[in-house]
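Undergrad:
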Amino acid sequence: MLQQTQVKSAVPYFNRFVKRFPDIASLAHASEEEILAIWSGLGYYSRARNLHKAARKIVDCHEGIFPTDYKTVLSLPGIGRYTAGAVCSIAFNQAQPVVDGNIRRVIARLKGIKSRIPEKYFWDQMSEWVPEKKASAFNQAMMELGATICLPSQPACRQCPVHRHCLAKRKNLQNSIPLSKPRKAVRKVDLVILAVKHRGRVLLTRQEDGFIPGKWGLPSRIVPSRQTPGETAQSLNNKMFGGRLPIEFLAILKHSITHHRISAHIYTGNATGKASEILEEKDRIHWANDLQLDAMLTSSLFRKAIQKCR
DNA sequence: CACGCGTGGTC
DNA sequence: TGACCAAGCGT
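Pasting the structure below:
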């Protein structure tokens, strides 16, 4: 959960997760749907799928007991160099290095590194520093230092236990180190979302090529350039209802996903009479009640859209 | 090494 | 508000 996610954001998800899946066996035997339902809103959903796979692999290959050997831990799905090092050092106190965003910043400042350098540099440095008998405390301390004192902006150098060793501080370069990476341009996307209601239920569809991840979602379509959202909404209406559904513009929701900035144009409609005949395969649609919505929707964009219709 | 993957915190 | 960033991973 903590991969690319702040501790503060993950904590409530973690508590719910371990309450529902208190051990490896219960996770291994759960359905992916249920796991994703608990994960819903946290983002990076492949983490949840990999966690599920890892649990099953541990049950199948390691008699249900979490391995302690570094190479074996590293071989689990969703566990890369960082997580394997974190688990082996923090949980098992093995002298394995870890490098995360915090540690990159701490090292770059300590060493006064002004240019882009290969990732290997940080790993080599941490391998050299990690103490044989206190790997757990050391690795956590390095990350904590970055998370609480050696902050991205306005670092609290006066409180820093190693400020006397810090080249960035000595040269007064704390605010220009580390070099911020050139970001990929954010693409703006217009998306039409249909919130169709019928007797207190909401229409969900499966979209194989859906822009928003997760199996079930509200009917949606990206607005092609040279088309207005209204036209796209009508064309979606044509495809799904033969154009018989009276739809009404409701709101625009802003939602950002990595390098996409989505403007979601929400349209609502009431499916009654002929409009309730949907031109879509039966197994691709579902009329969901409130309880099902909660369990089936993964993306928080769709959740926000539903909230708007209440 | 570059890229895509979600969402929320922070200034 | 927008830009940057977060206990990264798999391809």
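Per the working numbering, residue 79 is the first one in the first sequence, and the count goes up by one each step. Even for Gly, the Cβ is constructed at its ideal location relative to N, Cα and C. In this text, all values refer to a predicted model and were calculated from it rather than measured experimentally.
Quick one: what's Glu326 bridged to in DSSP?
TA: Thr346
Undergrad: Below 7 Å CB to CB, which residues in the same chain sit around Ala126 once its five sequence neighbours on both sides are set aside?
TA: The beta carbon of Ala126 sits closer than 7 Å to those of Ile113, Leu114, Trp117, all from its chain and outside the five residues before and after it, given in chain order.
Undergrad: Let me make sure I understand the geometry here. Which of Leu188, Ile227, Arg322 has the alpha-carbon closest to that of Ser354?
TA: Arg322
Undergrad: Count the other CB atoms within 10 Å of the CB of Asp392; is the residue buried (16 or more) or exposed (fewer)?
TA: The structure shown has nothing for residue 392, since the chain only spans 79 to 388.
Undergrad: Since I believe Cys228 is in contact with Arg183 (beta carbons under 8 Å), could you give me their beta-carbon distance rounded to a whole number of angstroms?
TA: 6 Å
Undergrad: Could you have a look at Lys192 and say whether DSSP puts it in helix, strand or coil?
TA: coil
Undergrad: Between the alpha carbons of Arg388 and Ser87, how many angstroms are there, rounded?
TA: Between Arg388 and Ser87, the C-alpha separation is close to 26 Å.
Undergrad: Report the start-end ranges of each beta strand (DSSP E) in the region 89-170 that is 3 residues or longer and not cut off at the edges.
TA: Fully enclosed beta strand (DSSP E) runs of 3 or longer: not present.
Undergrad: With DSSP as the reference, label Arg381 as helix, strand or coil.
TA: helix
Undergrad: Taking the continuous alpha helix (DSSP H) assigned at Ala173, which residues delimit it?
TA: Segment: none, Ala173 is in no alpha helix (DSSP H) and carries neither H nor E.
Undergrad: If distances are taken between C-alpha atoms only, which option among Lys149, Ala366, Gln84, Cys166 comes closest to Gly224?
TA: For Gly224, the nearest C-alpha among the options comes from Gln84.
Undergrad: Write down the C-beta distance between Thr146 and Phe170 rounded to the nearest angstrom, noting that I regard them as a contact closer than 8 Å.
TA: 5 Å
Undergrad: Is DSSP giving Ser298 helix, strand or coil here?
TA: strand
Undergrad: I need the DSSP call for Thr306, collapsed to helix, strand or coil.
TA: coil
Undergrad: For Leu331 versus Lys382, is the C-beta spacing smaller than 8 Å?
TA: yes
Undergrad: Using only the alpha-carbon positions, how far apart do Leu371 and Gly278 sit?
TA: 12 Å
Undergrad: Look at the Cβ atom of Glu358, then the Cβ atom of Met318, and state whether they are nearer than 8 Å.
TA: yes
Undergrad: Do you know offhand how far Ala219's Cα is from Pro155's?
TA: 27 Å
Undergrad: Hey, Val274 and Gly347: beta-carbon distance below 8 Å or not?
TA: yes
Undergrad: Under 8 Å between the Cβ atoms of Ile363 and Thr310?
TA: No.
Undergrad: Determine, using beta carbons only, whether Met221 and Ile157 come nearer to each other than 8 Å.
TA: no
Undergrad: Going by C-alpha distance, which of Val208, Phe216, Pro196, Arg187 is nearest Leu251?
TA: Arg187
Undergrad: Buried or exposed for Gln82, going by 16 or more other Cβ atoms inside 10 Å?
TA: exposed
Undergrad: Assign Thr350 to one of two classes, buried (16 or more other C-beta atoms within 10 Å of its C-beta) or exposed (fewer than that).
TA: exposed
Undergrad: Would you kindly work out how many angstroms separate the C-alpha atoms of Ile344 and Leu281, rounded to a whole number?
TA: 14 Å
Undergrad: When DSSP builds the beta bridges, which residues end up paired with His276?
TA: According to DSSP, His276 shares a beta bridge with Arg279.
Undergrad: Give me the residue from Pro256, Arg299, Asp202 with the minimum Cα distance to Asn316.
TA: Arg299
Undergrad: On the three-state DSSP scale, how would you describe Lys293?
TA: Looking at Lys293 - three-state DSSP - the assignment turns out to be coil, as it is neither helix nor strand.
Undergrad: Taking contact to mean at least 3 C-beta pairs separated by less than 8 Å, is the region 239-246 in contact with the region 195-214?
TA: no
Undergrad: Compute the beta-carbon to beta-carbon distance between Gly390 and Lys249, rounded to the nearest angstrom, for a pair I have assumed lies under 8 Å.
TA: The structure shown has nothing for residue 390, since the chain only spans 79 to 388.
Undergrad: Can you give me the Cβ contacts of Ala213 inside the same chain, cut-off strictly under 7 Å, excluding the 5 residues immediately before and after it?
TA: Ser167, Asn171, Gln172, Ala173, Gln174
Undergrad: Would DSSP call Asp178 helix, strand or coil?
TA: coil
Undergrad: Is Leu152 near Ala164, with beta carbons less than 8 Å apart?
TA: no
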